[in-house]
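**Student:** Residue numbers (numbering that gives the first Met the number 0): 0 to 301. Dropping the structure in here first, questions after.
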Amino acid sequence: MARSPSHRFGQIIGDLLEASIEPLLREFADSHGVYLDKKGVRPARRGSKCTWIDVYGNAHDLDYVFERGGTPEVIGTPVAFIETAWRRYTKHSRNKAQEIQGAILPLVATHQHSAPFMGAILAGVFTANALAQLKSLEFKVLYFPSETVIKAFKTRGIDATSNESTPDADLAMKVAAWDALSLKDRNHIARALLKINETEVGHFMESLAASIGRTVEGVHVLPLHGSTVECTSVAEAIDFIEEYASSGGGGPTVRYEVLVRYNNGDRIDGNFADKSTAIDFLRSYEPPPIRPATARPARKLR
Numbered sequence: 000m001a002r003s004p005s006h007r008f009g010q011i012i013g014d015l016l017e018a019s020i021e022p023l024l025r026e027f028a029d030s031h032g033v034y035l036d037k038k039g040v041r042p043a044r045r046g047s048k049c050t051w052i053d054v055y056g057n058a059h060d061l062d063y064v065f066e067r068g069g070t071p072e073v074i075g076t077p078v079a080f081i082e083t084a085w086r087r088y089t090k091h092s093r094n095k096a097q098e099i100q101g102a103i104l105p106l107v108a109t110h111q112h113s114a115p116f117m118g119a120i121l122a123g124v125f126t127a128n129a130l131a132q133l134k135s136l137e138f139k140v141l142y143f144p145s146e147t148v149i150k151a152f153k154t155r156g157i158d159a160t161s162n163e164s165t166p167d168a169d170l171a172m173k174v175a176a177w178d179a180l181s182l183k184d185r186n187h188i189a190r191a192l193l194k195i196n197e198t199e200v201g202h203f204m205e206s207l208a209a210s211i212g213r214t215v216e217g218v219h220v221l222p223l224h225g226s227t228v229e230c231t232s233v234a235e236a237i238d239f240i241e242e243y244a245s246s247g248g249g250g251p252t253v254r255y256e257v258l259v260r261y262n263n264g265d266r267i268d269g270n271f272a273d274k275s276t277a278i279d280f281l282r283s284y285e286p287p288p289i290r291p292a293t294a295r296p297a298r299k300l301r
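Right, dumping it as structure tokens:
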């Protein structure tokens, strides 16, 4: 069955959003030493969808996931979940916001020990309430308003304005104009969308970098029968637990409570019944081995 011009034009704008954002995220992954999972074939998982399972066994198909320690063959630790969406009409925006939070929040709860970044990249018509709803749940939101999308299309002579009463014949002409563009011109429009929204893009990427690049500022260790001990590093906290448990001071240890505090304000709590699980938890926050530099310069918007 043939797709309507309305559906096809909406898909074109969604594809434009992806073409604008994906190179930016890929360059970020390369420069920060993390793996970018997205739709497509990957030996580490079945199928072509970027699917993650929450603690309840529910599957969620996402647009982008950053992993620490991930490779095409190995699933790493998720450190960022990012969804994208385009909406043409106000009436659909709140439902989409709820759909995004419904996909990402259970996964963040499942992987709470890595405190993943939550991102939503939106374009088109989203109400202030829909955006506020996501921000209230600590999502970082990058929003491309409709007028900026229209302005980007105009750089190559396409009128992207439309509403619910736009005739199919007019939408078909817009689709034909897009189909007639060269790949170079389409990429120009994608770059123009980023340039027009350069300040907002910069703020979003800074928030992502702060989360991915955060460092441990302090670690609190509380044996149940003792007083809190503050350590300045993960290694110091591991040493404390090993020495404290072996000394047996203060009677048998019932459990360990651990708080990892980051320099960006994030905090992660753990509660463990024995020394080995507490140490395993802390080892997951040790910095990865230094790899040979392969980073490329940060992307400049032109």
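Backbone N, C-alpha and C fix where the C-beta goes; we use that ideal spot for every residue, glycine too.
Quick check on this structure: which residue in 258, 68, 119 has the alpha carbon closest to the alpha carbon of residue 206?
**Tutor:** Looking up residue 206 in the sequence shown gives position 207. Shortest Cα-Cα distance from residue 206 to any of 258, 68, 119 involves 119.
**Student:** Quick check on the DSSP output: what are the complete alpha helix (DSSP H) runs of length 4 or more inside the stretch 49 to 137, in order along the chain?
**Tutor:** Correct list: 92 to 109, 127 to 135.
**Student:** Between residue 140 and residue 121, how many whole angstroms is the CB-CB distance? I'm expecting something under 8 Å.
**Tutor:** Your numbering for residue 140 matches position 141 in the sequence shown. Your numbering for residue 121 matches position 122 in the sequence shown. Indeed they touch by this definition, with Cβ atoms about 7 Å apart.
**Student:** Have a look at the DSSP bridge pairing and note the partners of residue 268.
**Tutor:** Here residue 268 refers to the residue found at position 269 of the sequence shown. DSSP lists 258 as partners of residue 268.
**Student:** Distance check for residue 129 and residue 208, CA to CA, integer angstroms please.
**Tutor:** Walking along the sequence shown from the start, residue 208 turns up at place 209. Walking along the sequence shown from the start, residue 129 turns up at place 130. So the alpha carbons of these two residues sit roughly 25 Å apart.
**Student:** Whose C-alpha, out of 265, 185, 271, is nearest the C-alpha of residue 220?
**Tutor:** For the purposes of this step, residue 220 is taken as the residue at position 221 of the sequence shown. Relative to the Cα of residue 220, the nearest Cα in the group 265, 185, 271 belongs to 271.
**Student:** Are there three or more Cβ pairs, one per stretch, closer than 8 Å when the stretch 47 to 61 is compared with the stretch 229 to 243?
**Tutor:** no
**Student:** Please classify residue 216: does DSSP put it in a helix, a strand, or coil?
**Tutor:** The residue you call residue 216 lines up with position 217 of the sequence shown. Here residue 216 carries a strand assignment [DSSP, helix/strand/coil].
**Student:** Pick from 162, 261, 28: whose alpha carbon is nearest that of residue 5?
**Tutor:** Walking along the sequence shown from the start, residue 5 turns up at place 6. For the residues 162, 261, 28, the minimum Cα distance to residue 5 belongs to 162.
**Student:** Between residue 86 and residue 124, is the Cβ-Cβ spacing less than 8 Å?
**Tutor:** Here residue 86 corresponds to residue number 87 of the sequence shown, with the count starting at 1. Here residue 124 corresponds to residue number 125 of the sequence shown, with the count starting at 1. Taking 8 Å as the Cβ cut-off, residue 86 and residue 124 qualify as a contacting pair.
**Student:** Please work out which residues of its chain come closer than 8 Å, Cβ to Cβ, to residue 138, disregarding the five sequence neighbours upstream and downstream, and give them in chain order.
**Tutor:** If you number the sequence shown from 1, residue 138 lands on position 139. Within the same chain, residue 138 has close Cβ partners 99, 100, 103, 117, 118, 119.
**Student:** Sorted by chain position, which residues of the same chain lie with C-beta nearer than 8 Å to residue 68's C-beta, five sequence neighbours on each side aside?
**Tutor:** Indexing the sequence shown from 1 puts residue 68 at position 69. Answer for residue 68: 34, 75, 76, 287, listed in chain order.
**Student:** Identify every residue that forms a DSSP beta bridge with residue 221.
**Tutor:** Translated into positions along the sequence shown, residue 221 becomes position 222. The partner list for residue 221 (beta bridge, DSSP) reads 256.
**Student:** Select from 145, 166, 178, 173 the residue whose C-alpha is nearest the C-alpha of residue 323.
**Tutor:** Since the first residue shown for the chain is 0 and the last is 301, residue 323 is missing from the structure and cannot be characterised.
**Student:** Can you tell which of 240, 187, 142 has its C-alpha closest to the C-alpha of residue 201?
**Tutor:** Position 202 of the sequence shown, counted from the first residue, corresponds to residue 201. Comparing Cα-Cα distances from residue 201 to each of 240, 187, 142, the minimum goes to 142.
**Student:** Consult DSSP for residue 166 and reduce its assignment to one of helix, strand or coil.
**Tutor:** Counting from one through the sequence shown, the residue named residue 166 turns up at place 167. Here residue 166 sits in coil by DSSP.
**Student:** Quick one: give me the first and last residue of the alpha helix (DSSP H) that residue 200 is part of.
**Tutor:** Translated into the one-based positions of the sequence shown, residue 200 becomes position 201. Residue 200 -> alpha helix (DSSP H) spans 197 to 211.
**Student:** Consult DSSP for residue 4 and reduce its assignment to one of helix, strand or coil.
**Tutor:** For the purposes of this step, residue 4 is taken as residue 5 along the sequence shown, with counting starting at 1. In the structure shown, residue 4 sits in a helix (DSSP, three-state: H, G or I).
**Student:** Would you kindly work out how many angstroms separate the C-alpha atoms of residue 281 and residue 93, rounded to a whole number?
**Tutor:** Residue 281 sits at position 282 when you count from the first residue of the sequence shown. Residue 93 sits at position 94 when you count from the first residue of the sequence shown. Taking the straight line from one Cα to the other gives about 39 Å.
**Student:** Report yes if the C-beta distance between residue 62 and residue 83 is below 8 Å; otherwise report no.
**Tutor:** Residue 62 sits at position 63 when you count from the first residue of the sequence shown. Residue 83 sits at position 84 when you count from the first residue of the sequence shown. Going by C-beta atoms, residue 62 is nearer than 8 Å to residue 83.
**Student:** Let me confirm a value: residue 66 is counted as buried when at least 16 other C-beta atoms fall within 10 Å, else exposed. Which label applies?
**Tutor:** Here residue 66 refers to the residue found at position 67 when the sequence shown is read from its first residue. The C-beta of residue 66 has 16 or more other C-beta atoms within 10 Å across all chains shown, which makes the residue buried.
**Student:** Can you check DSSP and say which residues form a bridge with residue 37?
**Tutor:** Residue numbering aside, residue 37 sits at position 38 when the sequence shown is read from its first letter. 63.
**Student:** Tell me whether residue 268 is buried or exposed, calling it buried when 16 or more other Cβ atoms sit within 10 Å of its Cβ.
**Tutor:** Your numbering for residue 268 matches position 269 in the sequence shown. Result: exposed.
**Student:** Could you name the residues of the same chain whose beta carbon sits closer than 7 Å to that of residue 89, not counting the 5 residues immediately before and after it, in chain order?
**Tutor:** In the sequence shown, the residue the question calls residue 89 occupies position 90. Answer for residue 89: 124, 126, listed in chain order.
**Student:** Helix, strand or coil for residue 141 per DSSP?
**Tutor:** Within the sequence shown, the letter at position 142 stands for residue 141. The answer is strand: DSSP assigns residue 141 an E or B state.
**Student:** If you drop the 5 nearest sequence neighbours on each side, which residues of the same chain put their C-beta closer than 8 Å to that of residue 167?
**Tutor:** Start at 1 with the first residue of the sequence shown, and residue 167 comes out as number 168. Counting only Cβ-Cβ distances below 8 Å, and skipping sequence neighbours, we find 3, 4, 5.
**Student:** To which residues of the same chain is residue 72 closer than 6 Å at the C-beta, ignoring the five residues directly before and after it?
**Tutor:** Translated into the one-based positions of the sequence shown, residue 72 becomes position 73. Here the set comprises 42, 43.
**Student:** I need the straight-line Cα distance from residue 214 to residue 112, nearest angstrom please.
**Tutor:** Start at 1 with the first residue of the sequence shown, and residue 214 comes out as number 215. Start at 1 with the first residue of the sequence shown, and residue 112 comes out as number 113. Answer to the nearest angstrom: the Cα atoms are 14 Å apart.
**Student:** Drop a sphere of 10 angstroms on the beta-carbon of residue 47, count the other beta-carbons inside from all chains shown, and report buried for 16 or more, exposed for fewer.
**Tutor:** In the sequence shown, counting from the first residue as 1, residue 47 sits at position 48. Residue 47 comes out exposed.
**Student:** On the criterion of 16 or more Cβ atoms from any shown chain inside 10 Å, does residue 11 qualify as buried, or is it exposed?
**Tutor:** Indexing the sequence shown from 1 puts residue 11 at position 12. Residue 11 should be labelled buried.
**Student:** Using the Cβ count rule (16 or more neighbours within 10 Å means buried), how would you classify residue 132?
**Tutor:** Position 133 of the sequence shown holds residue 132. Buried, because 16 or more other Cβ atoms sit within 10 Å of the Cβ of residue 132.
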